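Engineer:
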C-alpha cells in the first residue's frame, strides 16, 4: 500500500514545482510557447500553496521579467491571486494592487501593449487606479486598441471604468467612449469570456471578471 502524503509533503511538492516553473520562465533558453506552458504550471502550483511573502515576491518578480508575454503574465497574476490575493488582513491586497500597477507601468514604458491592457484591467478591477486613467495609461489603452489580443481586457476596462463613473454621475472621457463604441471588443469578449479572464480565489471561490 502506498502511504498517504501529509499536508507538508504536498506543500513541498508544489513548492518545488513552482520553483522549477519560475526558473524555466526566467530562463533565456525558454521559448515563448514553453514560457506560457510553465506559467500555467506555476499558476496551478500556486493554487495549492499557502501564501508567503517570499512566494508572492518571487512570482511577481518573474512576471516583471517576461512582460513581453501577456499570456505568461496573466497566468502568474492569477496564480498570485489564488495563492492569497483576497486575504487583505495583513496587507496582501494592497501589495498585490501596488505590484500590478507597477507592472502595468513597466509594460507601458516597454510598449508591451497587450500585457499593459491585461494588467490595466486587473488594476481597474481592484480599484488600484482612478477610472478616468492617467494620460500615460490613456496612451497605453489607445495603443493597445488595434491589437486583437488586447480586445478582451480592453472590453473589461471599458465595462468597469464606465460602471464606476456612472455610479459617480461623472462624464465618460473620450478614450472610454471609443472603447465602448467598438463592437470588436464586445465580440472578442463574447467569443472568449471563459475563465481565461477571470480571477478566482482558490480559498473563498470569489470570482472577479
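Residue numbers (this note's numbering): 1383 to 1591. The C-beta atom is built at its ideal place from N, Cα and C for all residues, glycine as well. Just so it is clear, the structure is predicted and the values come from calculations on it, not from any experiment.
1. Here's a check: name, in chain order, each residue in its chain whose Cβ is nearer than 6 Å to the Cβ of residue 1454, leaving out the five neighbours to either side.
2. Could you tell me the alpha carbon to alpha carbon distance between residue 1564 and residue 1572, rounded to whole angstroms?
3. Using 8 Å as the limit for Cβ to Cβ distance, is residue 1495 near chain D?
4. Among 1403, 1410, 1537, which one has its Cα closest to the Cα of residue 1427?
5. Hey, residue 1441 and residue 1462: beta-carbon distance below 8 Å or not?
6. What are the complete alpha helix (DSSP H) segments, minimum 4 residues, inside the stretch 1489-1547?
7. Kindly confirm or deny that the stretch 1501-1517 and the stretch 1534-1545 touch, where touching means at least three C-beta pairs closer than 8 Å.
8. On a Cα-Cα basis, can you pick out the residue from 1437, 1451, 1482 that is closest to residue 1459?
Structural biologist: Inspection of the coordinates gives the following:
1. Closer than 6 Å at Cβ, skipping near neighbours: 1417, 1418, 1421, 1448.
2. Their Cα atoms are separated by approximately 13 Å.
3. Absent from the structure: chain D. Only one protein chain is present.
4. When the alpha-carbon of residue 1427 is set against those of 1403, 1410, 1537, the nearest one is in 1403.
5. Taking the C-beta atoms as reference points, residue 1462 is found nearer than 8 Å to residue 1441.
6. Qualifying alpha helix (DSSP H) stretches, in chain order: 1495-1507, 1517-1526.
7. Short answer: they touch.
8. Measuring from the Cα of residue 1459, the nearest candidate turns out to be 1482.
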